[in-house]
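Input: a single structure, listed below in structure tokens.
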Ligand SMILES: [Zn+2]
Ligand SMILES: [Zn+2]
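Spelled out as structure tokens, the structure:
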């Protein structure tokens, strides 16, 4: 039996390395050999034990399991009737690919409505490790794409580190801006300069934003944001009250607030603050708060008198993936996005990688932007 190395998430703050069977590739399936997997903000929430069975809307978190979803790899084996990617380009073993980590059923009401990211039956990663296909998370040597997957060839120009965040951070924010009907000349305010926020700054600029304002508490992330499309930064260690941040955003937007505000921090109070950062008639895109139980106190009239459009988004339509890949190629010399993946670790050192990537509790300005793991 062939096996592959996997990092099993056994309990908060702890991974254990294990060899798991490499799954048999069924008809319509595709086996990927992972070349790079990023540590996303949501992985850090798992790491801290925030996401427990029952407190979020996803699959129950069966532990031990493999987490990680931001990744790229090469085709290790094609299923018997798979010979092309989702755009019909021929695919062979060894080709570099990007792919969604969630799998819409393609036969329910929501899928029929073309909202594949809202399919209630979509299967995901994080299955129990003893269940086929075993390799259902990014922090492993292999990842299995079942029948009905979406997969796209990767342009040669991009490195694996650049491609790893495409199926989460990059596509998520491009899809969010699309859903917010981003228009030429819009002012975009971004809460959080992590992997999503920095990509959102560059994507918003490319989509025609007249001004991009980004808020964070880490100096190196804010510096990188300035190299990636942000026009103005707000250091929340300096603007350390909600009132001061709202006033500063208003000051930078002719007293209005953002046409589009993107909440990418994942703290409940950031959502309520985001409403105040949004101009009258503007749009708040909520992506960060993804676990249940994150409650905040809200004066509902803010949304009525604000005429605010609130858009909650989990996952994205798969067509966003090739758009995101093209975006990275066309802006390669324009933004410092390649620097986003700042630290790499071998998979065998995953515990060190997570300890280094963990930012909660160390707001000293030295937070690394994004770490990634390689086999
Ligand atoms: Zn992610
Ligand atoms: Zn469906």
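Numbering (this note's numbering), first residue to last: 392 to 766.
A virtual CB, placed ideally from N, CA and C, is assigned to each residue, including glycine.
Check: Where residue 709 falls, given that 16 or more other Cβ within 10 Å makes a residue buried; Outcome: buried
Check: Pick from 655, 663 and 621 that is closest to residue 637, judged by C-alpha positions; Outcome: 663
Check: Residue 437 versus residue 690: straight-line alpha-carbon distance, rounded; Outcome: 30 Å
Check: Simplified DSSP state of residue 765, which is helix, strand or coil; Outcome: strand
Check: Burial state of residue 547, where buried means 16 or more other Cβ atoms lie within 10 Å; Outcome: exposed
Check: Residues near residue 458 in its chain [Cβ-Cβ closer than 7 Å; skip 5 each side]; Outcome: 400, 434, 437, 517, 528 and 530
Check: Buried or exposed (CB count within 10 angstroms, at least 16 for buried), residue 475; Outcome: exposed
Check: Any non-hydrogen atom of ligand 2 within 8 Å of residue 512 CB; Outcome: yes
Check: Alpha helix (DSSP H) runs contained entirely in the stretch 444–506, provided each spans 4 or more residues; Outcome: 500–503
Check: Candidates 601, 558, 561 and 587: closest to residue 573 by CA position; Outcome: 601
Check: Strand pairing of residue 735, partner residues [DSSP]; Outcome: 763
Check: Every unbroken alpha helix (DSSP H) inside the stretch 611–679 [4 residues or more]; Outcome: 633–643 and 659–668
Check: Those residues which DSSP pairs with residue 578 across a bridge; Outcome: 602
Check: Near ligand 1: residue 461 beta-carbon under 8 Å from a heavy atom; Outcome: yes
Check: Own chain, CB closer than 8 Å to residue 736, minus 5 neighbours either side, in chain order; Outcome: 743, 744, 747, 762, 763, 764 and 765
Check: Residue from 674, 578, 439 and 657 with nearest C-alpha to residue 687; Outcome: 657
Check: Heavy atom of ligand 1 within 8 Å of residue 584 beta-carbon; Outcome: no
Check: Beta-ladder partner(s) of residue 532, from DSSP; Outcome: DSSP output for residue 532 lists no bridge partner at all.
Check: Opposing strand residues paired with residue 568 [DSSP bridges]; Outcome: None; residue 568 has no bridge partner.
Check: Sheet register partners of residue 543 (DSSP bridge); Outcome: 489
Check: Residue 373 versus residue 420: straight-line alpha-carbon distance, rounded; Outcome: This structure cannot settle anything about residue 373, because the visible part of the chain is limited to 392 through 766.
Check: For residue 585, three-class secondary structure by DSSP; Outcome: coil
Check: Check whether residue 519 and residue 414 have beta carbons under 9 Å apart; Outcome: no
Check: Residues bridged to residue 428 [DSSP beta-bridge criterion]; Outcome: 462 and 764
Check: Pick from 549, 617 and 716 that is closest to residue 542, judged by C-alpha positions; Outcome: 716
Check: Buried or exposed (CB count within 10 angstroms, at least 16 for buried), residue 447; Outcome: Any reading at residue 447 needs caution, since the residue's pLDDT is 49, under 50, leaving its predicted position unreliable; the model's value is listed next. Label assigned to residue 447: buried.
Check: Closer than 8 Å: residue 601 CB and nearest ligand 1 heavy atom; Outcome: no
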